[in-house]
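S.K.: Numbering (the numbering used here), first residue to last: 10 to 470. Sharing a structure with you now.
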C-alpha cells in the first residue's frame, strides 16, 4: 500500500481493529453467485438495482455471512487495494481482514526522484509513523516494506524499529552509489537486515563501487532465503586477500534468486554470487536480461547465468530470452514445476521472431512432458501485431501442452503496443474478440479450462 490522502481520514478509527464490534446491518455490499460460473461476486446492494433472474435469490448481506467466508473473499481480492480500503471503511466485519492485506506491504517510494517525489515519500512515511505510534497493532501487520535514500534516515530508523514482524525489505537505491548514502542510513539498513525475521531482500537500481560493501550488506543478513537484484552492479575486488576474507564470512544458503541485469554489468556480480553464495538448495531462479545490447549477446548472458547459478534441480524458472536450445543442456529440468516466459515481439529486428519463440517453447515443453511434473506455465506476450497468425506453431505448442496431464494452469498475459500512438494499448481498447482468438490458438487448454487470459497485464492505465 501507499500512504496517501485517504489514510489521513481513516487514522482516527476505521482502520483500527475493533474486534468487539458486530457487523453493520446496513452493509452496502452483498454476495452474488453467478449460476453460469458458480463464482461469488461482491456487489453494492444500496441504490443499485440488481438483475432479476438468474441472480434473484442468490444475494446475501455480508452481515449474515460467517467471518470465515468474508475472510476468504478478502483473501481472493487481496491485490485490489482500493476495494479493501472501501470494505474496511464501510463494514466493521471486514476490518481485520482488510487491514491484514492493506498493511502487509507498505511502500514509501515514489517513482519521481525530483524534489516533488522526495516530498511525497517523506509525507508518506511521516503519516505512517503517526499511524503506528497511535495504533501499534498496525505495525505488527507489516510483513514487507519498500524504502529508498529519498527518506529521512532517522525517521526511517524509528519506523523500522517498530515493524517487529518485518520479513521482506526492498531497497531502491534510485541510481545512487552505495557510497553516496549517508553513513547513518547505511548503518540503519545493515542493522535492519540483522533481524532474524528478514528472509527476503530486494535491491534495485544501484551500484556498489566496492564489492566489499555489497558482501558486507549480504553478510549482515546471513539468514536470507530469497534475494532479488534488479539493475545492480558492483566493481571488482581490488585485492584477492580482501576478497577471500569477505567471501569466507558469508553463509548464505538461498532458496530463491531473481536477477535482472543490464548488459556489461553482470559479470563481476555473477562471479561474486557464484563464489560467495551456497546455491545447493536453490529451487527458484529468475534470469531477466535488459539493456540495449544485441539479442545474441543477451542470449549468451542468459545461458552463462543459467549454467553458473543452477545448483540443485529447480522447481521454478523465469526467462525473457529465446535460448534456442534445450533447457536440459543448461539446467536440470526433471523437477521443474513452474515456468514463466516473457516473450518480446515488439521490435523483430532486436528480438527473436514469434515463430522462433513458439518453436523453441514447443521443444522445451516436449522435455517437460517426459517428467509430468510441470503444474503451471505463464506466457507474457508483448506484441505489436497479430500474434495469432502463426497457426502451425501455436497448434504444435497447444498439442504438447495438452499432453502434460500434471499441468493445472496456463496464464496468457497480453500487452499490445499501439505503434501509431506510440504507447501501450489501454484495457478498453482491446477487441472483444480477443478471448475467442486466444481460445482458437490454444483450444486444447481452453477445453480443459486451464487457460487464463489477462490483457493489459503489465501496463495498466
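Glycine included, C-beta positions come from ideal geometry on N, C-alpha and C.
#1: Can you list, in chain order, the stretches of the alpha helix (DSSP H) that have 4 or more residues and sit fully within the segment 261–295?
#2: Check whether the Cβ atoms of residue 234 and residue 285 sit closer than 8 angstroms, and answer yes or no.
#3: Determine which residues share a DSSP beta bridge with residue 411 and list them.
#4: Going straight from the alpha carbon of residue 414 to that of residue 294, what length do you get?
#5: Taking just the CA atoms, how far does residue 244 sit from residue 217?
#6: Given 8 angstroms as the limit, is there contact between the segment 348–355 and the segment 378–398, that is, 3 or more CB pairs closer than that?
#7: Can you tell me whether DSSP reads residue 149 as helix, strand or coil?
#8: Closest to residue 150 by CA distance: which of 138, 174, 378, 137 is it?
#9: What is the rounded straight-line gap between the Cα of residue 381 and the Cα of residue 80?
#10: What is the rounded straight-line gap between the Cα of residue 363 and the Cα of residue 354?
#11: Assign residue 232 to one of three DSSP states: helix, strand, or coil.
#12: With distances taken from CA atoms, which of 240, 112, 287 is nearest residue 182?
#13: On the CB-based measure, 16 or more other CB atoms within 10 Å of its CB, does residue 311 come out buried or exposed?
#14: Under DSSP, the alpha helix (DSSP H) around residue 187 begins and ends at which residues?
#15: Name the one or two DSSP bridge partners that residue 114 has.
#16: Residue 459 lies in the beta strand (DSSP E); which residues open and close that run?
#17: Would you call the segment 82–94 and the segment 125–137 in contact, with 3 or more CB pairs under 8 angstroms?
#18: Determine the burial state of residue 458: buried for a count of at least 16 other Cβ atoms within 10 Å of its Cβ, exposed for fewer.
#19: State the Cα-Cα distance for the pair residue 232 and residue 92, rounded to the nearest angstrom.
#20: Residues bridged to residue 238 by DSSP?
#21: How long is the line joining the alpha carbons of residue 168 and residue 131, rounded to whole angstroms?
#22: Quick check on this structure: which residue in 105, 422, 87 has the alpha carbon closest to the alpha carbon of residue 76?
#23: With 16 other CB atoms within 10 Å as the buried threshold, where does residue 400 fall?
#24: Which full runs of the beta strand (DSSP E) of 3+ residues lie inside the segment 305–382, going along the chain?
#25: Kindly indicate which three-state DSSP category residue 144 falls into: helix, strand or coil?
#26: State buried or exposed for residue 461, treating a residue as buried only when at least 16 other CB atoms are found within 10 Å of its CB.
#27: With distances taken Cα to Cα, identify the nearest neighbour of residue 158 among 192, 137, 145.
#28: Please go through the same chain and pick out, in chain order, the residues whose beta-carbon is closer than 6 angstroms to the beta-carbon of residue 453, but skip the five residues on each side of it.
#29: Out of 346, 214, 184, 281, which one is the CA nearest neighbour of residue 318?
#30: Per DSSP, what kind of secondary structure is residue 91 in: helix, strand or coil?
#31: By the three-class DSSP mapping on this structure, what secondary structure does residue 420 have?
#32: With H, G and I counted as helix, E and B as strand and the rest as coil, what does DSSP make of residue 297?
M.R.: Taking the coordinates as given:
#1: Complete alpha helix (DSSP H) runs here, min 4: 275–285.
#2: Your numbering for residue 234 matches position 225 in the chain shown. Your numbering for residue 285 matches position 276 in the chain shown. For residue 234 and residue 285, no; Cβs fall outside 8 angstroms.
#3: Here residue 411 refers to the residue found at position 402 when the chain shown is read from its first residue. When DSSP reads this structure, residue 411 sits in no beta bridge, so it has no partner.
#4: For the purposes of this step, residue 414 is identified with residue 405 of the chain shown, where counting begins at 1. For the purposes of this step, residue 294 is identified with residue 285 of the chain shown, where counting begins at 1. The straight-line gap from Cα to Cα measures roughly 24 angstroms.
#5: Position 208 of the chain shown, counting from 1, holds the residue named residue 217. Position 235 of the chain shown, counting from 1, holds the residue named residue 244. Looking at the two C-alpha atoms, the distance is approximately 6 angstroms.
#6: Taking 8 angstroms as the limit for Cβ pairs, the verdict is that the segment 378–398 does touch the segment 348–355.
#7: Counting from one through the chain shown, the residue named residue 149 turns up at place 140. Note: residue 149 maps to coil in three-state DSSP.
#8: Walking along the chain shown from the start, residue 150 turns up at place 141. The option with the nearest alpha carbon to residue 150 is 174.
#9: Position 372 of the chain shown, counted from the start, is the residue given in the question as residue 381. Position 71 of the chain shown, counted from the start, is the residue given in the question as residue 80. The straight-line gap from Cα to Cα measures roughly 34 angstroms.
#10: Translated into positions along the chain shown, residue 363 becomes position 354. Translated into positions along the chain shown, residue 354 becomes position 345. Rounded to whole angstroms, residue 363 and residue 354 show a C-alpha spacing of 6 angstroms.
#11: Numbered from 1 along the chain shown, position 223 holds the residue referred to as residue 232. DSSP, reduced to helix, strand and coil, places residue 232 outside both helices and strands of the structure shown, so it counts as coil.
#12: Taking the first residue of the chain shown as position 1, residue 182 is located at position 173. Looking from the CA of residue 182, the closest CA among 240, 112, 287 belongs to 240.
#13: Taking the first residue of the chain shown as position 1, residue 311 is located at position 302. With 16 or more Cβ atoms within 10 Å of its Cβ, residue 311 is classed as buried.
#14: The residue you call residue 187 lines up with position 178 of the chain shown. Annotation: residue 187 is outside any alpha helix (DSSP H) and is labelled neither H nor E by DSSP.
#15: To locate residue 114, count along the chain shown from 1; it is residue 105. BP columns for residue 114 point to 153.
#16: Working through the chain shown from its first residue, we reach residue 459 at position 450. Looking at the DSSP string, residue 459 is not in any beta strand (DSSP E), and its letter there is neither H nor E.
#17: The segment 82–94 is not in contact with the segment 125–137.
#18: Within the chain shown, the letter at position 449 stands for residue 458. Flag for residue 458 reads exposed.
#19: By 1-based counting over the chain shown, the position of residue 232 is 223. By 1-based counting over the chain shown, the position of residue 92 is 83. In a straight line, the C-alpha of residue 232 is about 36 angstroms away from that of residue 92.
#20: Here residue 238 corresponds to residue number 229 of the chain shown, with the count starting at 1. Note: residue 238 sits in a beta bridge opposite 212, 268.
#21: Within the chain shown, numbered from 1, the residue matching residue 168 stands at position 159. Within the chain shown, numbered from 1, the residue matching residue 131 stands at position 122. For residue 168 and residue 131, the distance between alpha carbons rounds to 12 angstroms.
#22: As a first step, residue 76 must be located in the chain shown, where it is residue number 67. That would be 105, whose Cα lies nearest to the Cα of residue 76.
#23: Numbered from its first residue, the chain shown carries residue 400 at position 391. The residue in question, residue 400, is exposed, as its Cβ has fewer than 16 Cβ neighbours within 10 Å.
#24: List check, beta strand (DSSP E) in window: 325–328, 347–354.
#25: Position 135 of the chain shown, counting from 1, holds the residue named residue 144. Of the three classes helix, strand and coil, the one that applies to residue 144 here is coil, per DSSP.
#26: Here residue 461 is taken as the residue at index 452 of the chain shown, counted from 1. Burial state of residue 461 is exposed, judged by a 10 Å Cβ sphere holding fewer than 16 other Cβ atoms.
#27: For this step, residue 158 is matched to residue 149 along the chain shown. Residue 192 holds the alpha-carbon nearest to the alpha-carbon of residue 158 among 192, 137, 145.
#28: The sequence position of residue 453 within the chain shown is 444, counting from 1. In chain order, 407, 411 place their CB closer than 6 angstroms to the CB of residue 453, counting only its own chain and leaving out the 5 sequence neighbours on each side.
#29: If you number the chain shown from 1, residue 318 lands on position 309. Comparing Cα positions, the closest option is 281.
#30: Your numbering for residue 91 matches position 82 in the chain shown. Per DSSP, reduced to three states, the secondary structure at residue 91 is helical.
#31: Start at 1 with the first residue of the chain shown, and residue 420 comes out as number 411. Of the three classes helix, strand and coil, the one that applies to residue 420 here is strand, per DSSP.
#32: Here the question's residue 297 lines up with position 288 in the chain shown. Looking at residue 297 - three-state DSSP - the assignment turns out to be strand.
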